[in-house]
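Here the sequence shown is numbered in the numbering used here, starting from 4 and rising by one per residue.
Glycine included, C-beta positions come from ideal geometry on N, C-alpha and C.
Written out below as structure tokens is the structure these notes cover.
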Amino acid sequence: GVPEDTMAMAMDAVRAFHEADGGEGSDKARLYSREPARAVKYHCNFDLYQSPVANWRDTLYLRMAPTPPDAGDLPDNCR
């Protein structure tokens, strides 16, 4: 399994990303995308154009396989 301290650091990093300001120039603004091909992206509504109601779900998406993203593509809090 994953060591408990490693999991705690990962949770702290993701929490810091989600609690950070999302203003212009921020990691949230830089990563915001609805493009399915991106390996690193942030989005709020995964089914915005398909659902009769909008669901707000802040999501940081990191596709790690088959090729992990470059460290420079990750949010600063998650490096």
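Closest by C-alpha distance to residue i, when choosing among the options
i, options, result
"residue 62", "22, 7, 10", "22"
"residue 80", "31, 41, 35", "31"
"residue 76", "33, 27, 60", "33"
"residue 45", "57, 7, 20", "20"
"residue 64", "57, 36, 52, 5", "36"
CB of residue i within 7 Å of CB of residue j, strictly
i, j, result
"residue 72", "residue 43", "yes"
"residue 74", "residue 66", "no"
With 16 other Cβ atoms within 10 Å as the buried cut-off, status of residue i
i, result
"residue 49", "exposed"
"residue 55", "exposed"
"residue 78", "buried"
Beta-bridge partners of residue i, as assigned by DSSP
i, result
"residue 46", "62"
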